[in-house]
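Scroll down for the structure; my scribbles are underneath it.
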Amino acid sequence: MIEIETITLYREKSTVHRFSAGGNPQADEPILEIRSNRVTIPIKTRVENVMVIVRGQNVPSTLRMTSLVIDEIRRDEGILHDAASHDWETFWVRKISNYESDYNPDNWVSIHIGGETVYATREGKQTVDVVEAIAQGGEITEEVIAKTAVQVLGSGIDLNDLNIEHDSQNAFVFQPFSSYHRAAILQRRDRKAGSFAISVYHPTPQKPVRLSHFISFCADLMEALTLKSFLARVQELIATNKISSSDISPSQVQATRNRRRDLVESIENFERANKLVYRPERPNIV
12 MIEIETITLY REKSTVHRFS AGGNPQADEP ILEIRSNRVT IPIKTRVENV MVIVRGQNVP
72 STLRMTSLVI DEIRRDEGIL HDAASHDWET FWVRKISNYE SDYNPDNWVS IHIGGETVYA
132 TREGKQTVDV VEAIAQGGEI TEEVIAKTAV QVLGSGIDLN DLNIEHDSQN AFVFQPFSSY
192 HRAAILQRRD RKAGSFAISV YHPTPQKPVR LSHFISFCAD LMEALTLKSF LARVQELIAT
252 NKISSSDISP SQVQATRNRR RDLVESIENF ERANKLVYRP ERPNIV
């Protein structure tokens, strides 16, 4: 039997600049930049504590992979010690929508346990793999990024010549309780930040709402909000006669509407099947 503690999704951005001769970081492009979403999943087993890390390019996909990881580890906690041989690919492919495949080809996710990359949808050694190998499941700090820079850029790099910045922001915090699950969410839309919380209550202690289902529901909610913002931007481009100069096609706009419709249906089905409480209020997804 395993116990899953507070799960946190961080939006992370790390940049490394080289100092110029004058002692200031050069104003041009950074020599190393790392952007991704990082989920920490603390797991307690009968004999040990294990930190599982999920990384991803966007929030909904990262959350969906998180829900998949939780389900698989609950099914067989032995995976924690042999995760690299598990068939994550088959399960992940089922999670990807046709819309995501068609319109976000750069999407990626990865799983890390004990510093080892046990699954990644990308080929070849990636910078985030180096970060996780150094961090070993711990907090990502400027020191971790500095060590990563040396390993990725080469041993000839002098840390004294580098300016390192690491920004990490809590975007989701999932807390499982005995009577309910709670998600605290920081929402960024149109250069504004807002927050809200969702609680889903278990019908009975013997029949709790699966944490993975709740996380998947939150993934659907965030994707629906993202697509709503995209469609609002399309309307602005149309109103200002700029849509023709963009790379947005009519087929993409229609596919976005269809995808949002499917997400809204999934969200409303979950809401009908469970007792949910939004604070301060439910976000408008249409």
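Using the working numbering, read the sequence shown as starting at 12 and increasing by one per residue.
Even glycine gets a Cβ: it sits at the ideal position worked out from N, Cα and C.
Whether Ala-182 touches Cys-229 by CB criterion (7 Å): no
Test item: CB-CB of Val-161 and Ile-151 under 7 Å: no
Coil, strand or helix - Pro-187 by DSSP: strand
Whole-angstrom C-beta distance between Leu-91 and Ile-209, which should lie under 8 Å: 28 Å between Cβ atoms; not a contact.
Gly-125 (DSSP reduced to helix, strand or coil): coil
Of the listed residues Tyr-191, Ile-13, Glu-153, Arg-283, nearest to Ser-25 (C-alpha basis): Glu-153
Distance, Val-264 Cα to Glu-127 Cα: 40 Å
Cβ contact check for the segment 279-295 and the segment 206-222: 3 or more pairs under 8 Å: yes
Own chain residues within Cβ distance below 6 Å of Tyr-45, not counting five before or after: First, the amino acid is wrong: residue 45 is Ile here, not Tyr. Hits under 6 Å: Ser-25, Thr-138.
Ordered list of beta strand (DSSP E) runs contained in the segment 97-167, each at least 3 residues: 120-124, 127-131
For Ala-266 and Asp-113, believed in contact at Cβ under 8 Å, the rounded distance: 7 Å
Backbone secondary structure at Asp-82 - three-state DSSP: helix
Bridge partners - Val-264, DSSP secondary structure assignment: Val-264 is not bridged to any residue.
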